[in-house]
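Worksheet: one structure, shown below.
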Amino acid sequence: MNQQHLSSEADDLAVARTFVEHRLSARALCDYPGPIPETLSRSYAIQDQAIALYPSQVVGWKVGGVPVALQGELGAHRVAGAVFTANTWAVGSQATALPVIEGGFAAIEAEFIARIGADVDPARLDWSLEAAADQIDVVFIGVELAGSPLPTINDLGPTVTASDFGNNGGLLVGPELTDWRARLETVEVETVINAERVGWGGSAPLAGGALESVRFLLEHGARRGRPLTAGTLISTGAVTGVHRVGIGDEAICRFDDVGEIRCRTVKAQPRLDLKG
């Protein structure tokens, strides 16, 4: 192993450790904590280090889009980030409190959440949309809390986003979308923040829709040595937009004829429950 490789691994670990420490202590970052990754492979190497450091189990993955202008350069149209058990919540009768790091990045995203029904072939690298759909046993409506200690994470591009868990702060899982094969592409969704309608849409805005996100993740997970297993949750992409929020905001995501999800943002506190 040459010195340059050792240096790269040390840089990756330092970036990963800084992100994890700031997430757990609920502290914002002023700048990216190291050299900005030039490739997505480097970004995922950092994310892998961070997954190993984060004191919770991976329960799923969020999938987001890569701007068209960067897809050729980066060789990808989606990015993925880990979702942890400790940052996953079920919708209840009251608005769910979502923790936001003061001074960091936070946004609300209405999403469809697919659940994988059985362990997939870890060696399979080529999936069609139809085959990907067959791996899904349930689809839920939900909300992704996009969140990071770094306020400029989205401004710095997909390689930065991918390095910090894909800018995922948590996942709120709502009711099941019954008969999802027939209904997924037709459900209309709107997002309201502080009583103002800020976005509306459906599964189509992210090119290829929710099923393309599942197909992408099946291939992506296998290539990373992280094949999808039974029960894995996939947050398939924002359907009404990425809506920035601050502390104290109230949001409602309405999925026509399915249900609505209410949440409110609160100031994140240090995760003493995870620090032991």
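When you read off a place in the sequence shown, starting at 1, and then add 880, the result is the number in the numbering used here.
Think of the CB as a built atom: it goes at the ideal place given N, C-alpha and C, for glycine as much as any other residue.
Task: Spatial neighbours of P1029 in its chain, beta-carbon cut-off 7 angstroms, leaving aside the 5 residues before and after - done: If you number the sequence shown from 1, residue 1029 lands on position 149. So the list reads F899, H902, R903, R907, A908, L909, I981 and G984, once near-sequence residues are dropped.
TODO: Over the uninterrupted alpha helix (DSSP H) stretch that includes S1043, give me the two end residues.
DONE: The residue you call residue 1043 lines up with position 163 of the sequence shown. P1038 to S1043 is the span of the alpha helix (DSSP H), which, as asked, contains S1043.
Task: Three-way DSSP call (helix, strand, coil) for V1138 in this model - done: Position 258 of the sequence shown, counted from the start, is the residue given in the question as residue 1138. If DSSP states are grouped into helix, strand and coil, V1138 belongs with coil.
TODO: Would you identify the three-state DSSP class for S888, choosing helix, strand or coil?
DONE: The count along the sequence shown starts at 1 and reaches residue 888 at position 8. In this structure, S888 counts as helix in the three-state DSSP scheme.
Open item on the list: Quick check: the region 987–996 against the region 1019–1027, are at least 3 beta-carbon pairs closer than 8 angstroms?
Closed with: yes
Task: Neighbour-count burial assignment, A1148, 16 or more Cβ in a 10 Å radius - done: Here residue 1148 is taken as the residue at index 268 of the sequence shown, counted from 1. A1148 should be labelled buried.
Open item on the list: I need the straight-line Cα distance from I1132 to S1115, nearest angstrom please.
Closed with: Here residue 1132 is taken as the residue at index 252 of the sequence shown, counted from 1. Here residue 1115 is taken as the residue at index 235 of the sequence shown, counted from 1. Taking the straight line joining both Cα atoms gives about 18 angstroms.
Task: Residue nearest to L1154 in terms of C-alpha spacing, selected from Y934, L1091 and T1058 - done: Reading the sequence shown from its first residue, position 274 is the one you call residue 1154. Residue Y934 is the option with its Cα nearest to L1154.
Open item on the list: Looking at the secondary structure, which residues open and close the alpha helix (DSSP H) in which G1079 lies?
Closed with: To locate residue 1079, count along the sequence shown from 1; it is residue 199. Taken as a continuous stretch (DSSP letters only), G1079 belongs to no alpha helix (DSSP H), being part of the beta strand (DSSP E) at E1076 to G1081.
Open item on the list: Rounding to the nearest angstrom, what Cα-Cα distance links A962 and V1067 in this structure?
Closed with: Locating residue 962 in the sequence shown gives position 82, counting from the first residue. Locating residue 1067 in the sequence shown gives position 187, counting from the first residue. Near 26 angstroms, if we compare the C-alpha coordinates of V1067 and A962.
Open item on the list: Out of L1097, E918 and W969, which one is the CA nearest neighbour of G944?
Closed with: Here residue 944 is taken as the residue at index 64 of the sequence shown, counted from 1. For the residues L1097, E918 and W969, the minimum Cα distance to G944 belongs to L1097.
- [ ] Indicate whether R1004 and S1093 have their beta-carbon atoms separated by less than 8 angstroms.
- [x] Residue mapping note: residue 1004 aligns to position 124 of the sequence shown, counting from 1. Residue mapping note: residue 1093 aligns to position 213 of the sequence shown, counting from 1. No, they are not a contact pair.
Task: Own chain partners of E823 with C-beta closer than 7 angstroms, once the 5 adjacent residues on each side are dropped - done: There is simply no residue 823 to check, as the chain begins at 881 and stops at 1156 in what is shown.
Task: Beta-bridge pairing of C1133 - partner residues as DSSP gives them - done: Taking the first residue of the sequence shown as 1, we reach residue 1133 at position 253. Answer is T1071 and I1141, bridged to C1133.
TODO: To the nearest angstrom, report how far apart W969 and Q929 are at their CA atoms.
DONE: Against the sequence shown, residue 969 aligns to sequence position 89. Against the sequence shown, residue 929 aligns to sequence position 49. Each residue's alpha carbon lies about 25 angstroms from the other.
- [ ] Kindly provide the ranges of any beta strand (DSSP E) runs that are 3 or more residues long and lie completely inside the region 927–977, ordered along the chain.
- [x] 938–945, 958–964 and 968–970
Task: Cβ neighbours of V1146 in the same chain (closer than 8 angstroms, five flanking residues each side left out) - done: Along the sequence shown, read from residue 1 onward, the residue named residue 1146 stands at position 266. Result list for V1146: A977, L978, P979, V980, I1127 and G1128, in chain order.
TODO: Classify L886 as buried or exposed, calling it buried when 16 or more other Cβ atoms lie within 10 Å of its own Cβ.
DONE: Taking the sequence shown and counting its residues from 1, the one referred to as residue 886 is at position 6. Confidence at L886 is low in this model, with a pLDDT of 44, below 50, so its placement is unreliable and no value can be given for it.
- [ ] Assign G984 to one of three DSSP states: helix, strand, or coil.
- [x] Along the sequence shown, one-based indexing puts residue 984 at 104. It is coil, neither helix nor strand.
- [ ] Leaving out five residues on either side along the sequence, give the residues of the same chain with a beta carbon under 8 angstroms from the beta carbon of E918.
- [x] Taking the first residue of the sequence shown as position 1, residue 918 is located at position 38. Here the set comprises T1039.
Task: Helix, strand or coil at D1014 according to DSSP, with G and I counted as helix - done: Position 134 of the sequence shown, counted from the start, is the residue given in the question as residue 1014. Helix at D1014.
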